[in-house]
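Peer 1: Below is one structure. I have some questions about it.
Residue numbers (my numbering), protein chains in the order written: chain H, 2 to 111; chain A, -4 to 108.
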């Protein structure tokens, strides 16, 4: 099936550092989404991107929809302990199904 | 609104047993989905439904069945549980015409021993 390659698989960073993660695909997507999953909970939508080249922020989070429509990036600035969790990218074409990346596990040292 | 509600939160099954994972949403969303989440593997689509009475297979449907008799409910059935079905199961929903992403339930952690 379709796959999204998400990297890195995990990160262990110092509080206050910036974080970057990305997703790439061999296929084009019309929408890119970034979710965060806290332990024991379902994923929650952070940012949605709808146009190639779009750059969107949500507080300390910034995400970009790649120009080729085959990739997306998520940056978190000045990380804090509550940023810990698993971050998933997801791509959506025409229609309603999402394809998910394998996730990036973020741990923050305070 | 309660959003997407899944029950139970945890369950241990013996090999060969059957069970139904419940999912209900009160947002009048037409589209509903079942995903399983395995460590390091992301979320894989099991089954989905675009409305009451309509269901379709996703990426990993083997060993599962679903039904959608109402807009609100989308139960997932395991008939003969196998260790390979040990996973965390998430239900999600989406209103028609939306490309804003799913609303997920909090998950059911299933262990088959």
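Idealized CB from N, CA, C, for every residue including glycine.
1) Check whether the segment 2 to 11 of chain A touches the segment 90 to 106 of chain H, counting contact only when three or more Cβ pairs, one atom from each stretch, lie closer than 8 Å.
2) By Cβ distance below 7 Å, which residues in the same chain neighbour residue 42 of chain H in space, the five residues on each side in sequence not counted?
3) Just curious, the beta strand (DSSP E) that residue 60 of chain A is in, first and last residue?
4) Could you tell me how far apart the beta carbons of residue 97 of chain H and residue 89 of chain A are, in whole angstroms, since I believe they sit closer than 8 Å?
5) Are the segment 10 to 21 of chain A and the segment 30 to 46 of chain A touching by the rule of at least three beta carbon pairs closer than 8 Å?
6) Using 8 Å for Cβ pairs, my map puts residue 38 of chain A next to residue 58 of chain A. What's the rounded Cβ distance?
7) Using the rule of at least 16 other Cβ atoms within 10 Å of the residue's Cβ for burial, across every protein chain shown, is residue 13 of chain H buried or exposed?
8) Would the segment 93 to 101 of chain A count as touching the segment 31 to 51 of chain H if we require 3 or more Cβ pairs under 8 Å?
9) Assuming contact is defined by CB atoms lying nearer than 7 Å, are residue 70 of chain A and residue 15 of chain A in contact in what I supplied?
Peer 2: Walking through what the data contain:
1) no
2) Residue 42 of chain H sits at position 41 when you count from the first residue of the first chain. No residues qualify anywhere along the chain.
3) Taking the first residue of the second chain as 1, we reach residue 60 of chain A at position 65. That run of the beta strand (DSSP E) goes 59 to 61.
4) As a position in the first chain, residue 97 of chain H is number 96, starting the count at 1. As a position in the second chain, residue 89 of chain A is number 94, starting the count at 1. Indeed, because the Cβ distance is near 6 Å, the residues count as touching under 8 Å.
5) no
6) As a working note, residue 38 of chain A is residue 43 in the second chain. As a working note, residue 58 of chain A is residue 63 in the second chain. That pair is no contact at about 17 Å.
7) Locating residue 13 of chain H in the first chain gives position 12, counting from the first residue. It is exposed - the Cβ of residue 13 of chain H has fewer than 16 other Cβ atoms within 10 Å.
8) yes
9) Here residue 70 of chain A corresponds to residue number 75 of the second chain, with the count starting at 1. Here residue 15 of chain A corresponds to residue number 20 of the second chain, with the count starting at 1. Yes, the Cβ-Cβ distance between residue 70 of chain A and residue 15 of chain A is below 7 Å.
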